[in-house]
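Visitor: So the sequence shown is residues 2 to 58, counted in our numbering.
For reference, the structure I am asking about is given below.
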Amino acid sequence: MYGLIRWYYVIFLLYYSIEVCHGSWKILFDDVILPKTTRINMQCIVNHVYNLIITGL
Numbered sequence: 002m003y004g005l006i007r008w009y010y011v012i013f014l015l016y017y018s019i020e021v022c023h024g025s026w027k028i029l030f031d032d033v034i035l036p037k038t039t040r041i042n043m044q045c046i047v048n049h050v051y052n053l054i055i056t057g058l
């Protein structure tokens, strides 16, 4: 049961962090990320990895 609760938590955490990061992304029509937002995007990726490590995956 604990494992199931943990998976729900991980899925929720990833979904929430993706939504927050997606709101800060600036993407052109051909899916090229603008240079100004590269640092923000890298921070989002680092946050995703950190969240996965914290949750024990």
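Each residue gets a CB set at the ideal place from its N, CA and C atoms; glycine is no exception.
As the structure is a computational prediction, the values presented were derived from the model and not from experiment.
(1) For a quick check, are the C-beta atoms of L15 and N52 less than 8 Å apart?
(2) Please state whether the Cβ-Cβ distance between T56 and Y9 is less than 8 Å.
(3) In whole angstroms, what is the alpha-carbon distance linking I46 and R7?
Guide: Answer, in terms of the structure:
(1) In this structure, N52 lies closer than 8 Å to L15 by Cβ.
(2) No, the Cβ-Cβ distance between T56 and Y9 is not below 8 Å.
(3) Between I46 and R7, the C-alpha separation is close to 21 Å.
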